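Just so you know, we're using our numbering here: the sequence shown kicks off at 60 and counts up by one.
Let me begin by presenting the structure, written as structure tokens, before commenting on it.
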Amino acid sequence: MIRLTLPLINFKRKINVKINFPNFINISKEVKEGLINNKPIVALESTVITHGLPYPDNIKLGKELENIVRNENCIPATISLMNGKINIGTSENDLEKLGYPDNGAVKVSTRDISNTIVSKRLGGTTVAATMFLSNLVGIKFFATGGIGGVHRHVEETFDISCDLIELGRTPVVVICSGAKSILDIPKTLEFLETQGVNVIVNDDDCDFPGFFVPKTGFKGCYGEKNLMKIAEIVKVNEEIGSKSGILVSVPIPKEASVNGMEVEIAIKKALKESREKNIDGKEVTPFILKKVRELTKGTSLVSNVALLKNNAKIASILAGKYFEILKNDNKNIIKSFDVKNEEVDTRSQVTVIGACLIDIDAVVDMKIENTGASYPGNVYLKPGGVGRNHADALTKLGISATLISAIGQDQFGIAMENFCKHMNMNNVLRIHSLSTPVYSGLTTQGNVFCGIISLGNIMSYISPEYLKEKEDIISNSEYIILDGNLSEESIKKATEIVQFYNKKLWYEPTDMFKS
């Protein structure tokens, strides 16, 4: 009976827009370039345009929010649905289409995404849908006004927003002004605790904000005013592999908050009217907010716009600080293995640029059934990765080869060093914050039954900038081999260098999907 105990690995989803998304996902050029080049991106929801504010204030605000994000050196990604497509980044013309009155736009939560695509209707994404779609393409930060929550009289209606469920299962950082005060705040916080959501109040204390009011008297998990510390929490949350989101609750600026008592009175009247008119489900919040605007003679609208702008700014600053941490980590990357030789010839006949993985193969001679049983067999651990395999084979054939790749500083990284002592690994990055990529396969009766690959985001470190640093090595080689695990931009940069120096290029597509 073979059992294999492995060190803990952080299996992260690969963030790479080269992935073949379904043809109904449209990523704007600006957002795509940001994803490829690891730039800070802030997602923005679109229900504030379709259902939140009156025309033309809604369109004006949508454009202003994007400009606020850009002014903080981040890339805005307004997420919407239109003509059977999901827009990750909505053009200015499409923003205007979303905001036109009587355009038939629907409010889209996660359950509604498929229906809206098939029906080709205009759709404004809720907090839940925006989180889901942000995570799908690798956007970590999302700015909004306020989240949905547990509605008042939940014991009668069981009305609990999907936003809370999505926060518990999607690792996106949501920056908002707490939960709308039309909701049951203590029950909302209790539900978030049950979902394992870290609720951070961006203030000196942890008094949870209530959208229009900066304090509700109810407590979040932590109070932290320093955005750099919050960015560090986000990074650690990612490194430990947490699958839940983080809610960063930003109190509305004091100068923009309206009289709390006035809002409370308006909310009670609006709630009463909504119950009398039997308004329920996703129509409740837009109805109540509209009624509150009327009862407060528009002062709540002014406050709403102010907090949305403030949240977009805070989200952008936070995203910038998070990427600043990543950049500083990159400065501490150990850029080469310890080599016995004091001098290593940088001139190689072949430079190989590609992936470096640990392969774990489990081999059994009997038929596997889906019963949860253990089977006698053999487990093999060996070095792999398309790029590394080419460099290894060339070296064993007596051809001088240099490998440009990246691995983690973990137990698998140490194993890789031991496996590859015969190779020139001077240009393999070791990244302490990420795990070494791993492929784990199961072979039964001579056939591969299945395989799981954990590549993560490590290949993004073989960036166009890093390849530019290695131009001297590439230009002194006769042949250059690229594998399909590289980003499109890195392949382009390597190709440019090869063409400039008139070298020979071999592209290994890795598999049919990357060819």
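From the three backbone atoms N, C-alpha and C, an ideal C-beta is built for every residue, glycine too.
These numbers were taken from a predicted model, which means no experiment stands behind them.
Leaving aside the five residues before and after residue i along the sequence, list all residues of the same chain whose C-beta is less than 6 Å from its C-beta, in chain order.
| i | result |
| --- | --- |
| Arg211 | Asp243 |
| Val258 | Leu251, Gly279, Cys280, Leu306 |
| Lys380 | Leu286, Met287, Ala290 |
| Asn128 | Reading off the sequence, residue 128 comes out as Val, not Asn. Excluding positions up to five away in sequence, the list reads Val101, Pro135, Ala371, Ser375. |
| Thr203 | Glu104, Val186, Cys235 |
| Trp565 | Ile540 |
| Ile373 | Ile234, Val309 |
| Lys552 | Pro523, Leu526 |
| Pro99 | Cys133, Ala378, Gly379, Phe382 |
With residue i as the anchor, note down where its beta strand (DSSP E) starts and where it stops.
| i | result |
| --- | --- |
| Met22 | Outside the displayed span of the chain (60 to 574) sits residue 22, for which this structure offers no information. |
| Ile259 | 257 to 260 |
| Asn506 | 506 to 513 |
| Leu251 | Looking at the DSSP string, Leu251 is not in any beta strand (DSSP E); the run it does join, the alpha helix (DSSP H), is 244 to 253. |
| Ile466 | 460 to 467 |
| Lys144 | 144 to 147 |
Where do the N-terminal and C-terminal ends of the alpha helix (DSSP H) with residue i fall, by residue?
| i | result |
| --- | --- |
| Phe346 | 343 to 354 |
| Val450 | Sequence inspection shows Ala at residue 450; the Val mentioned does not correspond to that position. Taken as a continuous stretch (DSSP letters only), the alpha helix (DSSP H) holding Ala450 covers 445 to 455. |
| Gly121 | 116 to 130 |
Among the candidates the options, whose CA atom is the shortest distance from the CA of residue i?
| i | options | result |
| --- | --- | --- |
| Ile206 | Leu192, Ile224, Asp339 | Ile224 |
| Val90 | Ile198, Lys119, Asn117 | Ile198 |
| Lys527 | Lys480, Gly446, Ser168, Ile412 | Ile412 |
| Lys331 | His449, Ile241, Gly444 | Ile241 |
| Glu151 | Gly93, Pro568, Ile108 | Ile108 |
| Glu547 | Asn85, Glu92, Asn448 | Glu92 |
| Met482 | Gly446, Met190, Gly467 | Gly446 |
| Ala378 | Phe201, Leu157, Lys156, Arg170 | Phe201 |
| Gly148 | Asn162, Pro160, Cys133 | Cys133 |
| Glu383 | Lys294, Ile517, Ala452 | Lys294 |
| Ile299 | Thr189, Thr253, Asn387, Ser494 | Ser494 |
| Glu297 | Ser236, Asn194, Ala325, Val438 | Asn194 |
| Thr355 | Phe271, Asp424, Leu416 | Phe271 |
| Ser168 | Gly436, Thr253, Thr106 | Thr106 |
| Pro496 | Val260, Ala414, Pro435, Tyr439 | Ala414 |
| Ser173 | Ser333, Lys98, Lys562, Ile145 | Ile145 |
| Pro273 | Ile292, Lys239, Gln254 | Lys239 |
| Val343 | Gly431, Leu440, Ile219, Tyr439 | Ile219 |
| Asn506 | Ile427, Lys441, Asn387 | Ile427 |
| Asp116 | Ile556, Glu530, Asn429, Val364 | Val364 |
| Asp153 | Asn96, Leu112, Ser87 | Ser87 |
| Leu416 | Thr189, Ala450, Pro435 | Ala450 |
| Arg352 | Asn96, Asn97, Leu112, Ile95 | Leu112 |
| Asn96 | Ile550, Gly543, Lys529, Lys562 | Ile550 |
| Ile118 | Lys156, Asn85, Pro442 | Lys156 |
| Gly444 | Lys98, Cys479, Ser433 | Cys479 |
| Leu385 | Asn162, Thr189, Asn85, Ile292 | Ile292 |
Leaving out the 5 sequence neighbours to the left and right, which residues in its chain are closer than 7 Å to residue i when beta-carbon positions are compared?
| i | result |
| --- | --- |
| Tyr560 | Ser534 |
| Gly410 | It is Thr, not Gly, that sits at residue 410 in the sequence shown. Excluding sequence neighbours, Thr410 sits near Thr461, Ile463, Ile532, Ile533, Ser536, Ile539. |
| Lys302 | Arg228, Pro230 |
| Pro345 | His110 |
| Gln558 | none |
| Phe191 | Thr169, Glu225, Thr229 |
| Phe396 | Low confidence applies here, because Phe396 scores a pLDDT of 40, under 50, leaving its location unreliable and the question unanswered by this model. |
| Phe508 | Ile427, Leu501, Thr502 |
| Val213 | Ile219, Asp243, Lys246 |
Check whether the Cβ atoms of residue i and residue j lie closer than 8 Å to each other.
| i | j | result |
| --- | --- | --- |
| Glu123 | Lys368 | yes |
| Val232 | Gly304 | yes |
| Leu541 | Glu567 | yes |
| Gly276 | Cys265 | no |
| Val177 | Asp171 | no |
| Asn83 | Gly158 | Checking the displayed sequence, the identity of residue 83 turns out to be Phe instead of Asn. It is not a contact, given that the beta carbons lie outside the stated cut-off. |
| Thr247 | Val209 | yes |
| Asp263 | Gly282 | yes |
| Ser513 | Ser459 | no |
| Ile311 | Ile326 | no |
| Ile490 | Ile517 | yes |
| Asp388 | Ser492 | yes |
| Gly510 | Tyr498 | yes |
Are there any heavy atoms of the ligand NAD lying less than 7 Å away from the beta-carbon of residue i, as far as the coordinates show?
| i | result |
| --- | --- |
| Phe346 | Because no ligand of any kind appears in the structure shown, any question about the ligand NAD cannot be addressed here. |
Give every residue of the same chain whose Cβ lies closer than 8 Å to the Cβ of residue i, excluding the five residues on either side of it in the sequence, and list them in chain order.
| i | result |
| --- | --- |
| Glu401 | Low confidence applies to Glu401: its pLDDT is 34, below 50, so where it sits in the model is not reliable, and the reading given next is rough at best. Counting only Cβ-Cβ distances below 8 Å, and skipping sequence neighbours, we find nothing. |
| Ser362 | Phe271, Ile311, Ala315, Ser316, Val317 |
| Lys284 | Asn261, Asp262, Asp263 |
| Thr216 | His210, Asp339 |
| Tyr114 | Gly158, Tyr159, Pro160 |
| Ser359 | Phe271, Val317, Val322, Ala325, Leu348, Val351, Arg352 |
*Segment contact flag, the stretch 166 to 185 with the stretch 132 to 141, C-beta cutoff 8 Å, min 3 pairs*: The stretch 166 to 185, when compared against the stretch 132 to 141, does touch it at the 8 Å Cβ threshold.
*Give a yes or no on contact between the stretch 486 to 505 and the stretch 417 to 426, applying the rule of three or more CB pairs nearer than 8 Å.*
Cβ pair count under 8 Å is three or more, so yes.
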